[in-house]
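To convert, note that position 97 of the sequence shown is 120 in the numbering used here; the numbers rise steadily by one, no gaps.
Only one structure is covered here, and it is reproduced in the block below.
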Amino acid sequence: MRSIWNGAVTFGLVSVAVRVYTATTNHDIRFRQVHGADGGRIRYKRFCEVCGDEVAHADIVKGYETDDGELVTLDDDDMATLPTSTGREIEVVEFVPAEQVDPLLLDRSYFLEPDPKATKPYALLREALREADRMAVATVALRQRQTLALLRVRGAAIVMQTMLWPDEVREPDFETSRTEAQLRPQELAMAASLVDTMAAEFDPTQFDDEYRKAVENLIDYKRQHGGARPVPAAAERGGEEITDLLTALQRSVEEASGRKVPAQRTPPATPKGRSPSPRKPAKPDGTPPAARTTKPAARKPRARKPDESDAPVRKAGGQSRRGP
Numbered sequence: 024m025r026s027i028w029n030g031a032v033t034f035g036l037v038s039v040a041v042r043v044y045t046a047t048t049n050h051d052i053r054f055r056q057v058h059g060a061d062g063g064r065i066r067y068k069r070f071c072e073v074c075g076d077e078v079a080h081a082d083i084v085k086g087y088e089t090d091d092g093e094l095v096t097l098d099d100d101d102m103a104t105l106p107t108s109t110g111r112e113i114e115v116v117e118f119v120p121a122e123q124v125d126p127l128l129l130d131r132s133y134f135l136e137p138d139p140k141a142t143k144p145y146a147l148l149r150e151a152l153r154e155a156d157r158m159a160v161a162t163v164a165l166r167q168r169q170t171l172a173l174l175r176v177r178g179a180a181i182v183m184q185t186m187l188w189p190d191e192v193r194e195p196d197f198e199t200s201r202t203e204a205q206l207r208p209q210e211l212a213m214a215a216s217l218v219d220t221m222a223a224e225f226d227p228t229q230f231d232d233e234y235r236k237a238v239e240n241l242i243d244y245k246r247q248h249g250g251a252r253p254v255p256a257a258a259e260r261g262g263e264e265i266t267d268l269l270t271a272l273q274r275s276v277e278e279a280s281g282r283k284v285p286a287q288r289t290p291p292a293t294p295k296g297r298s299p300s301p302r303k304p305a306k307p308d309g310t311p312p313a314a315r316t317t318k319p320a321a322r323k324p325r326a327r328k329p330d331e332s333d334a335p336v337r338k339a340g341g342q343s344r345r346g347p
């Protein structure tokens with residue numbers, strides 16, 4: 024493990040230098056959104072819903088919408104005026120009975136490792152918490168923001184759990200009286216008997232994530248039966264991308280009607296025994312002769328062979344279609 028924060032636990036006049044490690048990890052299988060046809064990654068752009076323009080990250084600010092419909096914007100300079108906590112102390116403010124801590128208040132968990140020179144005060148705090156059967160309530164600054172935390176003992180280590188603020192815990196919005204009913208003594212006795220029958224020592228290792236296993240098996244099956252392919256490389260995008268549907272349709276119509284120069288086609292294969300006719304050189308300004316012609320000269324149609332096909336023609340929007 025790699026530490027994410029270094030500091031010291033302080034209680035009274037005692038200071039314990041510690042390193043902080045993330046105590047939990049997420050083993051969920053992560054998927055990417057890809058194009059089903061070719062496996063390309065799906066990307067999203069930031070667009071303004073008012074003007075329709077794509078917005079650069081540097082032009083994005085924070086906005087707070089009030090209850091009466093007003094929008095208050097805050098830029099980086101505004102946010103810089105807020106008080107930030109950069110201290111490196113986990114300051115213990117009180118020790119409370121463990122049973123008084125509502126688990127709903129607990130958030131993220133971290134391991135505290137003592138500095139090699141602070142093993143004795145670390146052990147002193149750990150054993151004091153264990154003997155008193157209490158937890159330490161502390162304040163700590165993580166990511167420049169002060170938060171509440173709880174220190175408790177887990178085996179030979181001290182665990183720090185960040186806490187939610189009291190107003191972040193919701194109360195049930197339904198009437199608890201609806202869940203209260205007239206219970207007969209026989210029903211209570213039968214329920215208590217069932218609880219006793221199913222009583223056990225809690226061992227989380229006996230439970231497995233069946234859904235994750237099923238996903239892993241599905242992925243392995245697809246790989247073994249031809250459902251895998253190399254990850255495609257991202258294509259380089261050239262020129263201006265057409266994002267407006269009306270513009271894309273207009274350009275498609277213009278290309279089809281010949282008002283714009285069509286994309287260059289790959290010349291058909293030359294029959295054996297004939298040499299390809301030389302192409303006319305470009306004019307001094309580098310413009311091909313065909314691009315200077317107001318109206319393209321009519322060409323005599325020729326019969327197509329069954330094995331001949333035109334090269335793909337680039338459509339608006341970066342997609343391709345076959346020639347007519």
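We treat Cβ as the ideally placed atom computed from N, Cα and C, and that holds for glycine.
On a predicted model such as this, the values are computed, not experimentally measured, just so you know.
Between residue i and residue j, what straight-line distance do the alpha-carbon atoms span, to the nearest angstrom?
i      : j      : result
His50  : Ile242 : 15 Å
Ser146 : Leu105 : The amino acid occupying residue 146 in the given sequence is Ala; Ser does not appear at that position. If you take the alpha carbons of Ala146 and Leu105, they lie about 38 Å apart.
Pro285 : Arg69  : Note that Pro285 scores a pLDDT of 48, beneath 50, so its modelled location is shaky and nothing firm can be said.
Ala251 : Tyr234 : 21 Å
Asn240 : Met24  : 29 Å
Ala40  : Met183 : 14 Å
Phe197 : Glu191 : 18 Å
Asn29  : Ile181 : 15 Å
Pro139 : Leu187 : 32 Å
Arg218 : Gly92  : Per the sequence presented here, residue 218 reads as Val, with Arg not at that position. Distance between the alpha carbons of Val218 and Gly92: 53 Å.
Gln273 : Cys74  : 21 Å
Lys85  : Met102 : 9 Å
Ser108 : Glu194 : 30 Å
Val407 : Thr170 : An answer regarding residue 407 cannot be provided, because it is not within the stretch 24 to 347 covered by the chain.
Tyr87  : Ala164 : 25 Å
Asp61  : Val254 : 9 Å
Gln209 : Val238 : 45 Å
Thr185 : Leu173 : 6 Å
Lys245 : Gly59  : 15 Å
Thr228 : Lys236 : 15 Å
Ala215 : Asp99  : 59 Å
Glu77  : Ile83  : 11 Å
Leu206 : Leu148 : 47 Å
Val160 : Arg166 : 19 Å
For residue i, tell me which candidate among the options has the shortest Cα-Cα distance.
i      : options                       : result
Gly178 : Glu136, Val119, Phe118        : Glu136
Ile65  : Leu165, Ala256, Val276, Arg25 : Ala256
Ser26  : Val43, Arg153, Val37          : Val43
Arg55  : Ala46, Thr45, Tyr67           : Tyr67
Val176 : Met158, Pro189, Thr162        : Met158
Ala46  : Asp99, Ala215, Lys245, Phe134 : Phe134
Pro126 : Phe225, Pro189, Thr220        : Pro189
Can you tell me whether residue i is helix, strand or coil according to DSSP?
i      : result
Met24  : coil
Tyr87  : strand
Met158 : strand
Gln56  : coil
Pro9   : This structure does not reach residue 9, given that the chain is present from 24 up to 347, and the question cannot be answered.
Gln184 : strand
Tyr244 : helix
Tyr145 : helix
Leu206 : coil
Leu36  : coil
Val43  : strand
Thr96  : strand
Tyr67  : coil
Indicate whether the contact test is met: 3 or more Cβ pairs, each with one atom in the region 49-69 and one in the region 111-131, closer than 8 Å. No, the region 49-69 does not touch the region 111-131.
So, does the region 107-118 touch the region 30-49, judging by three or more C-beta pairs under 8 Å? The region 107-118 makes contact with the region 30-49: 3 or more CB pairs, one atom from each, lie closer than 8 Å.
Could you tell me which uninterrupted beta strand (DSSP E) segments, each at least 3 residues in length, are contained entirely in the region 103-128, listed from first to last along the chain? You should have 112-120.
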